[in-house]
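J.: If you scroll down you'll find the structure; I have some questions about it.
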Amino acid sequence: MKQLQDIPVSVLDLAPITEEGTAADALRNALDLAQHAEEWGFRRYWLAEHHNMPGIASSATSIVIGHVAAGTKSIRIGSGGIMLPNHAPLMIAEQFGTLESLFPGRIDLGLGRAPGSDQPASRAIRRGLGSDGSDFPEQLAELRAYFDPGAADSRPPGVRAVPGEGLNIPIWLLGSSGFSARLAGQLGLPFAFASHFAPDYLLPALHLYRTSFRPSGVLDKPYAMVGLSAALADTTEEARRLATSSQQQALGLIRGRPGKLKPPVDSMEELWSPQEQALVLGRQQYAVIGDKAAVRERMQQILEETQADEWIVTSQIYDHAARLRSYEILAEALYTKWPE
249 MKQLQDIPVS VLDLAPITEE GTAADALRNA LDLAQHAEEW GFRRYWLAEH
299 HNMPGIASSA TSIVIGHVAA GTKSIRIGSG GIMLPNHAPL MIAEQFGTLE
349 SLFPGRIDLG LGRAPGSDQP ASRAIRRGLG SDGSDFPEQL AELRAYFDPG
399 AADSRPPGVR AVPGEGLNIP IWLLGSSGFS ARLAGQLGLP FAFASHFAPD
449 YLLPALHLYR TSFRPSGVLD KPYAMVGLSA ALADTTEEAR RLATSSQQQA
499 LGLIRGRPGK LKPPVDSMEE LWSPQEQALV LGRQQYAVIG DKAAVRERMQ
549 QILEETQADE WIVTSQIYDH AARLRSYEIL AEALYTKWPE
């Protein structure tokens, strides 16, 4: 039986731009959070590719990864994820080959097949690429071939990734449905599930991943990372208040009006309809909100449900100091920070 204190914890950062802040503020805060996460014992710090989102500053994900890696020393830095259909595989191989060359042994490449954007932005990004995500397995095979000198048959003749070729960069598949779960299992790759916004599919996807898993040169058994959203504070009452920022953000997405991260409110009652409330709270089945004791109890329940091998946690909290404190409490609750 897995024990909660033995499960590694990582950070998923959406580099939130607040109503009173700028993208520059968000990127400074990202580095500051990564430095604290390193100090507190988190395993990885991943950044997500989103486009045409006024409240997210990590659209140029590879560049932000370099920014954060340069300001940290040991924590693994990566993508959660790069939306591969938005890019030519050669470009991603070169970008992450460059990152790995600059920061050896610290770079992760998490890949998704969603656009990470709305339809207009998706069309603008993918102009000329001719990909809608349906050829993701072929794109993935080409990308992996650029890192493997012996896989010339899986990439265009005469094309090599420099930097990139010969480098051992861990590749993860990310998903919110069964497609990437099955593919990750068949290829013997680690799998991360976005249960922080697609909770209904978490358990079926994990089952599909584990039952379809085939040992590979990467893994001899399945390795599943479970994504959670979190708002922690010294009191559960304050944590619930902090969580209203992410609830307002989810409400804006439901209404088709994404925006900057809003300050917390004392009550959401006047902001959403009963139907909208149900939709937002439905997406938060795997949110962990509360003080240290409450969060530890909830995460023990989720561990028993999922048998996760690793957590990756996102906290959309308005005030940067409160966001830092949320992650610090999480580290303390899960024994990733030991007493002096």
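With the numbering used here applied, the sequence shown corresponds to residues 249 to 588, in that order. Ideal Cβ placement from N, Cα and C applies to all residues, glycine included. Everything numeric in this text was worked out from a predicted model, so none of it was measured.
Whole alpha helix (DSSP H) runs in the region 403 to 458 with 4 or more residues, listed along the chain?
T.: 426 to 435, all fully within the region 403 to 458.
J.: According to DSSP, is Leu260 part of a helix, a strand, or is it coil?
T.: Position 12 of the sequence shown, counted from the start, is the residue given in the question as residue 260. Strand at Leu260.
J.: Can you confirm whether Ser464, when its beta carbon is compared against all beta carbons of chain B, has any partner nearer than 7 angstroms?
T.: Among the protein chains of the structure shown there is no chain B, as only one such chain exists.
J.: Under 7 angstroms Cβ to Cβ from Gly507, same chain only, skipping five residues before and after it: list those, please.
T.: Residue 507 sits at position 259 when you count from the first residue of the sequence shown. Excluding residues within five positions, the ones whose Cβ falls inside 7 angstroms are Pro302, Gly303, Gly500.
J.: Quick check on the DSSP output: the alpha helix (DSSP H) that includes Leu578 runs from which residue to which?
T.: Locating residue 578 in the sequence shown gives position 330, where the first residue counts as 1. Segment 568 to 581, the alpha helix (DSSP H) holding Leu578.
J.: Assuming contact is defined by CB atoms lying nearer than 7 angstroms, are Val474 and Ala556 in contact in what I supplied?
T.: Residue mapping note: residue 474 aligns to position 226 of the sequence shown, counting from 1. Residue mapping note: residue 556 aligns to position 308 of the sequence shown, counting from 1. Yes, they are a contact pair.
J.: Please list, in chain order, all residues of the same chain as Gly433 whose beta carbon is under 6 angstroms from its beta carbon, the five residues on each side excluded.
T.: Within the sequence shown, numbered from 1, the residue matching residue 433 stands at position 185. Counting only Cβ-Cβ distances below 6 angstroms, and skipping sequence neighbours, we find Tyr457, Ser460, Phe461.
J.: What first and last residue would you give for the alpha helix (DSSP H) that runs through Arg292?
T.: As a first step, residue 292 must be located in the sequence shown, where it is residue number 44. Per DSSP, Arg292 belongs to no alpha helix (DSSP H); it is in the beta strand (DSSP E), 292 to 295.
J.: Please identify the residue among Ser425, Pro470, Ser370 whose C-alpha is closest to the C-alpha of Leu451.
T.: If you number the sequence shown from 1, residue 451 lands on position 203. Nearest of Ser425, Pro470, Ser370 to Leu451, Cα basis: Ser425.
J.: Just confirm the distance between the C-beta atoms of Leu279 and Val561, as a whole number of angstroms; I'd bet it's less than 8 angstroms.
T.: Taking the first residue of the sequence shown as 1, we reach residue 279 at position 31. Taking the first residue of the sequence shown as 1, we reach residue 561 at position 313. So it is not a contact: roughly 18 angstroms between Cβ atoms.
J.: Flag this pair as touching only if the region 269 to 286 and the region 327 to 346 have three or more C-beta atom pairs under 8 angstroms; answer yes or no.
T.: Flag = no, the region 269 to 286 and the region 327 to 346 do not touch.
J.: Where DSSP assigns a beta bridge to Asp356, which residues make up the other side?
T.: If you number the sequence shown from 1, residue 356 lands on position 108. DSSP output for Asp356 lists Gly326 as bridge partner(s).
J.: So, helix, strand or coil for Leu467, using DSSP?
T.: Here residue 467 corresponds to residue number 219 of the sequence shown, with the count starting at 1. Three-state DSSP puts Leu467 in coil, outside helix and strand.
J.: Just how far apart, CA to CA, sit Leu454 and Phe439?
T.: Within the sequence shown, residue 454 is the residue found at index 206, counting from 1. Within the sequence shown, residue 439 is the residue found at index 191, counting from 1. Going by the C-alpha atoms only, they are around 9 angstroms apart.
J.: Name the DSSP bridge partner or partners of Ala565?
T.: Residue 565 sits at position 317 when you count from the first residue of the sequence shown. Strictly speaking, residue 565 in this sequence is Ile, with Ala absent from that position. None, per the DSSP bridge assignment.
J.: Could you tell me which of Arg371, Ala535, Gln495, Thr320 sits nearest to Ser521, measuring between CA atoms?
T.: Here residue 521 refers to the residue found at position 273 of the sequence shown. Minimum Cα distance to Ser521 is reached at Gln495.
J.: Suppose contacts are defined by Cβ-Cβ distances below 7 angstroms. Is Phe351 in contact with Ala296 by that definition?
T.: Here residue 351 refers to the residue found at position 103 when the sequence shown is read from its first residue. Here residue 296 refers to the residue found at position 48 when the sequence shown is read from its first residue. Result no, Cβ atoms of Phe351 and Ala296 do not sit closer than 7 angstroms.
J.: Nearest CA to the CA of Arg546: which residue from Gly360, Ala478, Thr483, Arg531?
T.: As a first step, residue 546 must be located in the sequence shown, where it is residue number 298. Answer by Cα proximity: Ala478.
J.: Determine the direct distance from the alpha carbon of Thr320 to that of Glu576, and round the result to whole angstroms.
T.: Mapped onto the sequence shown, residue 576 falls at position 328. Mapped onto the sequence shown, residue 320 falls at position 72. The straight-line gap from Cα to Cα measures roughly 17 angstroms.
J.: Given Ala487, which residues of its chain have a CB within under 7 angstroms of its CB, disregarding the five upstream and five downstream residues?
T.: In the sequence shown, the residue the question calls residue 487 occupies position 239. The residues are Ala479, Leu480, Ala481, Ile537, Gly538, Asp539.
J.: For Lys510, count neighbouring Cβ atoms within 10 angstroms of its own Cβ and tell me buried if that reaches 16, exposed if not.
T.: Here residue 510 is taken as the residue at index 262 of the sequence shown, counted from 1. Answer is buried; the Cβ neighbour count reaches 16.
J.: Do Ile419 and Glu348 count as a contact pair if the criterion is CB distance below 7 angstroms?
T.: The residue you call residue 348 lines up with position 100 of the sequence shown. The residue you call residue 419 lines up with position 171 of the sequence shown. Cβ distance not < 7 angstroms, so Glu348 and Ile419 don't count as in contact.
J.: Leaving out five residues before and five after Ala447 in sequence, what residues of the same chain have Cβ atoms less than 6 angstroms from its Cβ?
T.: The residue labelled residue 447 in the question sits at position 199 within the sequence shown. In the sequence as displayed, the identity of residue 447 is Pro instead of Ala. Closer than 6 angstroms at Cβ, skipping near neighbours: Gln533, Tyr534.
J.: How many Å lie between Val543 and Arg531 at the Cα?
T.: Within the sequence shown, the letter at position 295 stands for residue 543. Within the sequence shown, the letter at position 283 stands for residue 531. Using only the alpha carbons, I get a separation of about 18 angstroms.
J.: Whole angstroms are fine: how far does the CA of Ile340 sit from the CA of Pro411?
T.: Indexing the sequence shown from 1 puts residue 411 at position 163. Indexing the sequence shown from 1 puts residue 340 at position 92. Whole-angstrom Cα-Cα distance: 11 angstroms.
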